[in-house]
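Notes to accompany the following structure.
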Amino acid sequence: MSAAQQSILVVEDGPDLGMLLREALADMNRRAVLATTGSEALSILAREPVSLLLLDWDLSDMSAPELLERLRATAQAIPPVVLMSGRDRTAEELRWPELVEVLRKPFELTQLSDLLQRRLPAP
961 MSAAQQSILV VEDGPDLGML LREALADMNR RAVLATTGSE ALSILAREPV
1011 SLLLLDWDLS DMSAPELLER LRATAQAIPP VVLMSGRDRT AEELRWPELV
1061 EVLRKPFELT QLSDLLQRRL PAP
């Protein structure tokens, strides 16, 4: 699967940051889908496969751990998760088997690009 065919689900309830991330990913030749709530993310994940979940910790309707708990309850495959958070998280908070990296907000787009090269390299 080429980098352009891999979908990244951005789950971010900040409208400015969500749009910025979606546009930045498009500029990096990545297909990005934006969900602004946990419920919307669950709906998207139920109907289309994604290669990476870029997940904000605090959403308007649920937290990142709650979203992952609901996904696990469905018994569907959960893509690798990159957590975005404005504060440091404890080791206890981050005991998720799906978690591959943490981006501490605010982060530079170059950090996101580097992460994608590691996690979803172009063929």
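Once you know that position 98 of the sequence shown is 1058 in this note's numbering, the rest is easy, because the numbers rise by one and skip nothing.
Every residue, glycine too, gets a C-beta built ideally from N, C-alpha and C.
Who are residue i's beta bridge partners in DSSP?
i: residue 1008; result: Answer is none; residue 1008 lacks a bridge partner.
i: residue 1073; result: DSSP lists no partner for residue 1073.
i: residue 1045; result: 1064
i: residue 969; result: 993, 1013
i: residue 1112; result: As displayed, the chain neither begins before 961 nor continues past 1083, which places residue 1112 out of reach and without an answer.
i: residue 1059; result: 1041
i: residue 1018; result: 1023
Taking the straight line between their C-alpha atoms, what separation do you get for residue i and residue j?
i: residue 1032; j: residue 1003; result: 14 Å
i: residue 1069; j: residue 1036; result: 30 Å
i: residue 1040; j: residue 985; result: 17 Å
i: residue 992; j: residue 1073; result: 13 Å
i: residue 1046; j: residue 1067; result: 9 Å
i: residue 980; j: residue 973; result: 12 Å
i: residue 906; j: residue 995; result: Any question about residue 906 goes unanswered here, given that the chain covers just 961 to 1083.
i: residue 1042; j: residue 988; result: 17 Å
i: residue 1001; j: residue 969; result: 8 Å
i: residue 1022; j: residue 1044; result: 14 Å
i: residue 1024; j: residue 1030; result: 10 Å
i: residue 975; j: residue 1026; result: 21 Å
i: residue 1052; j: residue 1071; result: 24 Å
i: residue 954; j: residue 1065; result: Missing from the structure shown is residue 954; the chain here goes from 961 to 1083 and no further.
Give the C-beta separation of residue i and residue j to the nearest angstrom, bearing in mind that I take them to be a contact with Cβ-Cβ under 8 Å.
i: residue 998; j: residue 977; result: With a Cβ gap of about 16 Å, residue 998 and residue 977 do not count as contacting.
i: residue 1075; j: residue 1063; result: 7 Å
i: residue 1012; j: residue 971; result: About 11 Å separates the two Cβ atoms, so there is no contact after all.
i: residue 1038; j: residue 1054; result: Residue 1038 to residue 1054, Cβ: 15 Å. No contact.
Using a 10 Å radius around the Cβ and a threshold of 16 neighbouring Cβ atoms, would you call residue i buried or exposed?
i: residue 1016; result: buried
i: residue 917; result: The structure shown does not extend to residue 917, since the chain spans only 961 to 1083, so no value can be given for it.
i: residue 1078; result: exposed
i: residue 1097; result: One cannot answer for residue 1097 here, as it falls past the ends of the chain, which runs 961 to 1083.
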